[in-house]
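Chemist: Residue numbers (the numbering used here): 347 to 538.
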Amino acid sequence: MPTWLVTGGAGFIGGNFVLEAVAKGVRVINLDVLTYAGNLKTLAPLEGNPDHVFVQGDIGDRALVTRLLAEYQPEAVLNFAAESHVDRSIDGPGAFIQTNVVGTLGLLEAVRDYWKALPADQGAAFRFLHVSTDEVYGTLGETGKFSETTPYAPNSPYSASKAASDHLVRAFHHTYGLPVLTTNCSNNYGPY
Numbered sequence: 347m348p349t350w351l352v353t354g355g356a357g358f359i360g361g362n363f364v365l366e367a368v369a370k371g372v373r374v375i376n377l378d379v380l381t382y383a384g385n386l387k388t389l390a391p392l393e394g395n396p397d398h399v400f401v402q403g404d405i406g407d408r409a410l411v412t413r414l415l416a417e418y419q420p421e422a423v424l425n426f427a428a429e430s431h432v433d434r435s436i437d438g439p440g441a442f443i444q445t446n447v448v449g450t451l452g453l454l455e456a457v458r459d460y461w462k463a464l465p466a467d468q469g470a471a472f473r474f475l476h477v478s479t480d481e482v483y484g485t486l487g488e489t490g491k492f493s494e495t496t497p498y499a500p501n502s503p504y505s506a507s508k509a510a511s512d513h514l515v516r517a518f519h520h521t522y523g524l525p526v527l528t529t530n531c532s533n534n535y536g537p538y
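Spelled out as C-alpha cells, the structure:
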C-alpha cells in the first residue's frame, strides 16, 4: 500500500483528495494546521480508518515534517497547504507570506533532505506535488484561457505568495534535482 504525506488535507480541495486517495488504497498522513479553511467534518468518513493518520501541525514546522517523513516513509508529498482567501490576503498579507512562501520553503527543505537519503530506486520513484492556483497568471485576457506558458502576473498578495512558492518549487527541482510537479487549479466547487 502506498503512503503519501498530504499537507492541507483538511481544506476544501485537500480534504476531498484525501477521501478519494484513501478510498483507492493509499495510506494518507494528513498534516493540517486547521486555519479558517480547515474542515474536519469533510474527513469524518475516515474516522477510525487506520489508513488515515491526521496530524494537526504547520508545514513550516520543519522538525515535525522531518519526523513525519522519517516515521511514515511516504512515496510522495502532496502540498495542498495554503492561505488561499484573496480578500484576507489584502487585509493581512503577512500570514500568506508566512504559510505560502516561508512554510513551503521549510517543507521543501525537509522533503529534499528526506529524498536525498532514500535508496536510489525509491528516490527515483518519489514525487513532490505542489498544488497552486491560476491566480498566479493574473487577470484572464481576451482569449479567456491560461496555459503553462502564460507569464506570471499576480495581482494580490495571495497570488504573489503562491507565485513565489511556485518559483521555490521550480528552483528546488533545478537546483537539487527534487522530482516535482506543480498544478495551477482554477476555481473549484462542490458540496464540502
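Beta carbons are placed, not taken as given, at the ideal position from N, Cα and C, and that holds for glycine.
(1) Unbroken beta strand (DSSP E) runs of length 3 or more, entirely within the region 392-450: which are they?
(2) Compute the Euclidean distance between the alpha carbons of F492 and D480, then round it to the nearest angstrom.
(3) With burial defined as no fewer than 16 other Cβ atoms inside 10 Å of the residue's Cβ, what is the status of K508: buried or exposed?
(4) From S502, F472 and L453, pick the residue whose C-alpha is nearest to that of D404; which is it?
(5) Can you look up L389 in the DSSP assignment and give me helix, strand or coil?
(6) Contact between the region 503-517 and the region 438-448: three or more CB pairs below 8 Å?
(7) What are the start and end residues of the alpha helix (DSSP H) that includes V368?
(8) Please state the DSSP three-state secondary structure of V526.
(9) Let me know if P465 comes out buried or exposed under the rule of 16 or more other beta-carbons within 10 Å of its beta-carbon.
(10) With distances taken Cα to Cα, identify the nearest neighbour of Y418 among P439, S435 and P396.
(11) Give the DSSP-derived three-state secondary structure of F474 in the structure shown.
(12) Let me check understanding here. Comparing Cα to Cα, which of D512, V364, S435 and L351 lies closest to L392?
(13) Hey, how far is the Cα of G371 from the Cα of P348?
(14) Hey, N376 and V401 are a contact pair by Cβ (cut 8 Å); roughly how many whole angstroms apart?
Modeler: Working from what's here:
(1) 398-402 and 422-425
(2) 8 Å
(3) buried
(4) L453
(5) helix
(6) yes
(7) F358 to A369
(8) strand
(9) exposed
(10) P396
(11) strand
(12) V364
(13) 8 Å
(14) 7 Å
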